[in-house]
Amino acid sequence: MTTIRSLDRFEQKVERKLQLWRGQMARWRGAQAGARFGLGRQVRLLYPACFFAGDDVTIDDFGYLHCLSTRGVRIGAYSSIDRNAWLHCGGKPGDCEHGFFEMGEHSYIGAHAVLGAGGGIRIGSHVL
1136 MTTIRSLDRF EQKVERKLQL WRGQMARWRG AQAGARFGLG RQVRLLYPAC FFAGDDVTID
1196 DFGYLHCLST RGVRIGAYSS IDRNAWLHCG GKPGDCEHGF FEMGEHSYIG AHAVLGAGGG
1256 IRIGSHVL
């Protein structure tokens, strides 16, 4: 039983390291993120130059974030978005004035959420 728990802990540590590595790759592509920013497996982050995240932010597996807008996507520190979330700011090349997404600190968006932010979405701090 202790061997199984040890393997589970090891697997969690490896997965977290991979999330942090994917977060670093998003930074190289232009995303602005704080310390310990992590992206889960197969997260699509389109227009990363319009993405801003605070410290300790995680976007879990299979998410889709289309960030093109003048105000972009802003996620506060210590927040997370669970797996299979879909976010679209509504912008397209040549017309990116309208949408935005802002999420405060210590907030959480659950699994399978669909967020169409063409008119703008603002979520406060400490929101589950």
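Each residue of the sequence shown is one higher than the one before, starting from 1136 at the first, in this note's numbering. For each residue, glycine too, the CB sits at the ideal point set by N, CA and C.
request  = Check the DSSP bridge columns for Gln-1177 and list the partner residues they point to.
outcome  = Under the DSSP definition of a beta bridge, Gln-1177 lacks any partner.
inquiry  = Taking DSSP's pairing of strands, which residues face Val-1208 in a bridge?
reply    = For Val-1208, which the question treats as bridged, DSSP gives the partners Phe-1186, Phe-1236.
request  = Report, in whole angstroms, the separation of the C-beta atoms of Ser-1260 and Glu-1232, which I expect to be a contact under 8 Å.
outcome  = Distance from Ser-1260 to Glu-1232 at the Cβ level is roughly 26 Å; contact not present, criterion being Cβ atoms closer than 8 Å.
ask   = In three-state DSSP terms, what is Leu-1222?
value = Here Leu-1222 sits in strand by DSSP.
request  = In angstroms with no decimal places, state the Cα-to-Cα distance between His-1201 and Ala-1188.
outcome  = The alpha-carbon separation between His-1201 and Ala-1188 amounts to approximately 15 Å.
task = Compute the beta-carbon to beta-carbon distance between Cys-1185 and Ser-1214, rounded to the nearest angstrom, for a pair I have assumed lies under 8 Å.
result = About 17 Å separates the CB atoms of Cys-1185 and Ser-1214; that is not less than 8 Å, and the two are not in contact.
query = Considering only C-alpha positions, which residue in the set Thr-1193, Gly-1245, Val-1249, Phe-1197 is nearest to Gln-1177?
reply = Looking at the Cα atoms, Phe-1197 is the closest of the given residues.
key: Burial state of Phe-1145 (16 or more Cβ within 10 Å)   = Exposed, because fewer than 16 other Cβ atoms sit within 10 Å of the Cβ of Phe-1145.
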